[in-house]
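Protein chains in written order, with the working numbering: chain A, 1 to 410; chain B, 1 to 263.
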Amino acid sequence: MPEDLINSYMTGPDEQGRFGMFGGRFVSETLMPLILDLEERYEFAKTDPTFWAEMDWLWKHYVGRPSPLYYAERLTQHLGGAKIYMKRDELNHTGAHKINNVLGQIILARRMGKTRIIAETGAGQHGVATATVCAKFGLQCVVYMGAHDVERQAPNVFRMKLLGAEVIPVTSGRGTLKDAMNDALRDWVTNVRDTFYCIGTVAGPHPYPAMVRDFQSIIGKEVRWQLAEQEGEGRLPDTVIAAIGGGSNAMGLFYPFLDDPSVGIIGVEAGGKGVDDRMQHCASLTGGRPGVLHGNRTYLLQDLDGQILEGFSISAGLDYPGIGPEHAWLHDTKRAQYVSITDAEALEAFQLCCKLEGIIPALEPAHALAHVMKIAPGLPADHIIVMNMCGRGDKDIFTVAKHLGQDMKV
Amino acid sequence: MTRIDDTFARLRQSGKKAFVSYIMAGDPDVPTALAVMRGLPGAGVDIIELGLPFTDPMADGSTIQLAGQRALEGGMTVDATLQMVRDFRAGDQVTPIVLMGYYNPIYARGVDLFLNQAIAAGIDGLIVVDLPPEEDAELCIPAQAAGLNFIRLATPTTDAKRLPTVLRNTSGFVYYVSVTGTTGAAAAQAGDVAPEVARIKASTDLPVIVGFGINTPDQARGIASVADGCVVGSAIVKEIGAGKPVAEVLAFVASLAAGAHSA
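As structure tokens, this is what we get:
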């Protein structure tokens, strides 16, 4: 494990925390010494076998890794083209990929002597994962969540409270995920001595994008050996596909394949009601421009004056006006392709997955699945697609019922 | 020599501390903000910090954030902010103006174009909260080359090892943030601030001005007495946000300025 990480880390980011022109450290002076300290401690932990031994043990016995790589036979037959595998990260403890990263950051926080953990959350999956790991280690946990999301994600709010976390509804700005991140940064700037900010995606100031990517890369690493096990030694996927809000599940799947030119990489953004100038979407790469927010330069939804715009998506987990800087770089260098899927297409994929595979996907991976449905029929039978089933859909059944015009009480 | 340097030279000669005040451009609308701004020098303000509104001001507390929202909802833009500066300059060629805000609106305009426009409008310095020394190549170095002061924040977390890095490309003055927290945070105690200011002054000849958490004339006097001056922002913006008439806002500013100047 550590050897792999040292090698893969050599390609980026650079010493300034940049992936090409993206990334960086755009934070106030109060936070600057903290992120430099974090970088130093993470660099040390990365090469420390005892750190990874602790991670591996918890990944196996607490999270349930490795997650299965599952051949979706009926979906493959239904679409009649490429062979479709699903990386089942929705089977992790807490029901999503988020915990992969949270474990790493919390173990690091403990080693740094931090006793108070703060996090931002949109749909609540990262908040639940953070509250879970904090409960396990007896750490104080404060989760910032947009007031609007608190309302539409009530079950996750209750979960966090059961786990002992304090959930603070954020009413500043427009009360969404980006405002929750603003308030988490305000908390951190105020409580600099004892507090660790556990960011949930591959965004924020350096070293967060690289650190979160490294923790999530377990997804792609497992896919490599699992596919070889099922399809023969050396067999790589032909295409890997994942949904992108901030982009952590996608970076986790993509990263170990970046240097394999035969592997096509596709990120799927939330197209909401359609990517056009009405901005009823969250597709930062297809509908945004480079800008600076939350500590990094990346593609952002913004107006001509540099004011940040709100995203729109049926999926609260994709509802962020930015994207991780490494994705911005992979987009500009054309190593990865980024597309968008509308709410309606995601809902259709959601239902098809339930009926054909007996898997209720979260709305986030339903976006990835919708793109699989678009391309698989036109590909040959020996073309292998691996999509990341990064979360389960229990949290989304209320939203889906509403959009399908069904009353849950019946 | 910028207007900022001239102002500090003048204050030093008269043995006075500097009083710096912050208002948000276009809050709650341009005519009101401009009327307040025009009245600030008469109320005793030595340097004006003018806030450039931004949707996501993560280093500010709720008072400044709400001011920015009011301005943006009223249609405030970068162009309108620069126009406000030009209108002010038409009647005042002396009082320094420091534009304070976040990087993205500047980056969206393009750094070179923005710097030309800012200088032409009569801006003297910039405080850009989310540009630490690690990102100096973005704006700090081009701004100083163009003749603007780039004022850096030093904070309680800026330790001895880091202080030279923070001071290296700073000009005009050093803004010491007296508490860890956002603008409008809990009050700083002069007793805690004094050794920190002394620590910074041992490493630079620039004036050190202290801000964050100063709300009353007494606090302004206390803090100014242990530094080269003080900044009040949120307390003034709160008065504007409460809809107080311009004369009342300026009377409050005058009381703060009198506090600082009596130090």
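Note that the Cβ used here is the ideal one computed from N, Cα and C, for glycine as well. Keep in mind it's a predicted model, so treat the numbers as computed, not measured.
DSSP beta-bridge partners of residue i
{"i": "threonine 81 of chain B", "result": "Threonine 81 of chain B pairs with nothing; no bridge assigned."}
{"i": "arginine 152 of chain B", "result": "B:Val174"}
{"i": "cysteine 141 of chain A", "result": "A:Ile117"}
{"i": "glutamine 337 of chain A", "result": "A:Ile266"}
{"i": "proline 290 of chain A", "result": "A:Tyr299"}
{"i": "threonine 95 of chain B", "result": "Partner(s): none; threonine 95 of chain B has no beta bridge."}
{"i": "lysine 412 of chain A", "result": "Outside the displayed range of chain A (1 to 410) lies residue 412 of chain A, so it cannot be described from this structure."}
{"i": "glycine 271 of chain A", "result": "Note: glycine 271 of chain A sits in no beta bridge, so no partner."}
{"i": "phenylalanine 254 of chain A", "result": "Answer is none; phenylalanine 254 of chain A lacks a bridge partner."}
{"i": "methionine 96 of chain A", "result": "Before going on, a small fix: residue 96 of chain A reads as alanine here, not methionine. Per DSSP, A:Gly391."}
{"i": "phenylalanine 19 of chain A", "result": "A:Phe22"}
Residue range of the unbroken beta strand (DSSP E) whose run includes residue i
{"i": "arginine 152 of chain A", "result": "From DSSP, arginine 152 of chain A is part of no beta strand (DSSP E) but of the alpha helix (DSSP H) over 147-152."}
{"i": "arginine 297 of chain A", "result": "295-300"}
{"i": "threonine 121 of chain A", "result": "116-121"}
{"i": "cysteine 316 of chain B", "result": "Beyond the ends of chain B as shown, which are 1 and 263, falls residue 316 of chain B; an answer cannot be given."}
{"i": "methionine 37 of chain B", "result": "Where methionine 37 of chain B is concerned, there is no enclosing beta strand (DSSP E), although the alpha helix (DSSP H) it sits in stretches over 30-39."}
{"i": "isoleucine 384 of chain A", "result": "384-388"}
{"i": "valine 27 of chain A", "result": "No beta strand (DSSP E) contains valine 27 of chain A, which DSSP labels as neither H nor E."}
{"i": "valine 240 of chain A", "result": "239-244"}
{"i": "serine 217 of chain A", "result": "Taken as a continuous stretch (DSSP letters only), serine 217 of chain A belongs to no beta strand (DSSP E), as it is neither H nor E."}
{"i": "isoleucine 23 of chain B", "result": "18-24"}
{"i": "isoleucine 200 of chain B", "result": "Run containing isoleucine 200 of chain B: none in the beta strand (DSSP E); it sits in the alpha helix (DSSP H), 190-201."}
{"i": "isoleucine 48 of chain B", "result": "47-51"}
{"i": "glutamate 411 of chain A", "result": "This structure leaves residue 411 of chain A out entirely; chain A is present only between 1 and 410."}
{"i": "threonine 195 of chain A", "result": "195-197"}
Interface flag, residue i vs chain B, CB-CB below 8 Å
{"i": "serine 67 of chain A", "result": "no"}
{"i": "glutamate 39 of chain A", "result": "no"}
{"i": "aspartate 305 of chain A", "result": "yes"}
{"i": "valine 449 of chain A", "result": "Past the edges of chain A, shown from 1 to 410, lies residue 449 of chain A, and the structure says nothing about it."}
{"i": "leucine 293 of chain A", "result": "yes"}
{"i": "lysine 136 of chain A", "result": "no"}
{"i": "isoleucine 359 of chain A", "result": "no"}
{"i": "isoleucine 308 of chain A", "result": "yes"}
{"i": "methionine 1 of chain A", "result": "Legend: pLDDT at methionine 1 of chain A = 41, less than 50; position of this residue unreliable, no value from coordinates given."}
{"i": "lysine 468 of chain A", "result": "It is not possible to answer for residue 468 of chain A, since the shown part of chain A is limited to 1 through 410."}
{"i": "glutamine 411 of chain A", "result": "Residue 411 of chain A lies beyond the range of chain A shown here (1 to 410); nothing can be said about it."}
{"i": "glutamine 105 of chain A", "result": "no"}
{"i": "glutamine 337 of chain A", "result": "no"}
{"i": "glutamine 16 of chain A", "result": "yes"}
CB contact check: residue i to chain A, cutoff 8 Å
{"i": "glycine 181 of chain B", "result": "yes"}
{"i": "aspartate 273 of chain B", "result": "For chain B, the structure presents residues 1 to 263; residue 273 of chain B sits outside this window and is missing."}
{"i": "valine 197 of chain B", "result": "no"}
{"i": "aspartate 130 of chain B", "result": "yes"}
{"i": "valine 237 of chain B", "result": "no"}
{"i": "valine 78 of chain B", "result": "yes"}
{"i": "alanine 263 of chain B", "result": "no"}
{"i": "alanine 185 of chain B", "result": "yes"}
Bounding residues of the alpha helix (DSSP H) (the contiguous stretch that carries residue i)
{"i": "leucine 113 of chain B", "result": "111-121"}
{"i": "leucine 414 of chain A", "result": "Any question about residue 414 of chain A goes unanswered here, given that chain A covers just 1 to 410."}
{"i": "threonine 7 of chain B", "result": "3-14"}
{"i": "lysine 355 of chain A", "result": "343-357"}
{"i": "phenylalanine 51 of chain A", "result": "49-58"}
{"i": "phenylalanine 312 of chain A", "result": "No alpha helix (DSSP H) contains phenylalanine 312 of chain A, which DSSP labels as neither H nor E."}
{"i": "glutamate 73 of chain B", "result": "62-73"}
{"i": "isoleucine 141 of chain B", "result": "140-145"}
Distance cut-off 7 Å: residue i Cβ against heavy atoms of the ligand GTP
{"i": "proline 365 of chain A", "result": "Ligands displayed in this structure: none; no statement on the ligand GTP is therefore possible."}
**Request:** Specify whether the segment 196-205 of chain A and the segment 223-243 of chain A touch according to this definition: at least 3 beta carbon pairs, one from each stretch, less than 8 Å apart.
**Result:** no
**Prompt:** Is the segment 281-298 of chain A touching the segment 346-365 of chain A, taking contact as three or more C-beta pairs under 8 Å?
**Reply:** no
**Asked** Three or more beta-carbon pairs under 8 Å between the segment 86-102 of chain B and the segment 169-184 of chain A, yes or no?
**Response** no
**Message:** Please list, in chain order, the residues of the segment 146-175 of chain A that have any C-beta partner in chain B closer than 8 Å.
**Reply:** Ser172, Gly173
**Message:** If contact is defined by three or more beta carbon pairs under 8 Å, each pair taking one atom from either stretch, is the segment 93-112 of chain A in contact with the segment 40-53 of chain A?
**Reply:** yes
**Positions along the segment 22-38 of chain A whose CB lies within less than 9 Å of some CB in chain B** = Gly24, Arg25, Phe26, Val27, Ser28, Glu29, Thr30, Leu31, Met32, Pro33, Leu34, Leu36
**Item:** Contact list for the segment 154-180 of chain B against chain A, Cβ threshold 7 Å
**Value:** Ala154, Thr155, Thr157, Thr158, Asp159, Arg162, Val166, Val177, Thr180
**Asked** Relative to chain B, which residues along the segment 180-207 of chain A have a C-beta separation below 7 Å, given in chain order?
**Response** Asn182, Leu185, Arg186, Val189, Thr190, Val192
**Asked** Any chance the segment 117-129 of chain B sits against the segment 308-319 of chain A, with 3 or more Cβ pairs inside 8 Å?
**Response** no
**the segment 101-123 of chain B: positions lying closer than 9 Å to chain A by Cβ** = Tyr102, Tyr103, Asn104, Pro105, Ile106, Tyr107, Ala108, Arg109
**Message:** To be precise: take each residue of the segment 40-73 of chain B, compare its Cβ to all Cβ atoms of chain A, and keep it if any distance is under 9 Å. Which residues remain?
**Reply:** Pro53, Phe54, Thr55, Asp56, Pro57, Met58, Ala59, Asp60, Gly61, Ser62, Gln65, Leu66, Gln69, Leu72
**Message:** Taking 8 Å as the cut-off, does the segment 208-218 of chain A touch the segment 241-252 of chain A (at least 3 CB pairs, one atom from each stretch)?
**Reply:** yes
**Request:** Residues of the segment 107-137 of chain A with a CB closer than 7 Å to any CB of chain B: list them in chain order, please.
**Result:** none
**Prompt:** Using 8 Å as the Cβ pair cut-off and three pairs as the minimum, do the segment 325-332 of chain A and the segment 69-87 of chain B touch?
**Reply:** no
**Message:** Output needed in chain order: residues of the segment 129-151 of chain B with a Cβ under 7 Å from some Cβ in chain A.
**Reply:** Val129, Asp130, Leu131, Pro132, Glu134, Glu135
**Item:** the segment 196-216 of chain B: positions lying closer than 8 Å to chain A by Cβ
**Value:** none
**Asked** Between the segment 75-82 of chain A and the segment 17-37 of chain A, do at least 3 Cβ pairs fall closer than 8 Å?
**Response** no
**Asked** Quick check: the segment 175-192 of chain A against the segment 223-235 of chain A, are there 3 or more CB pairs under 8 Å?
**Response** no
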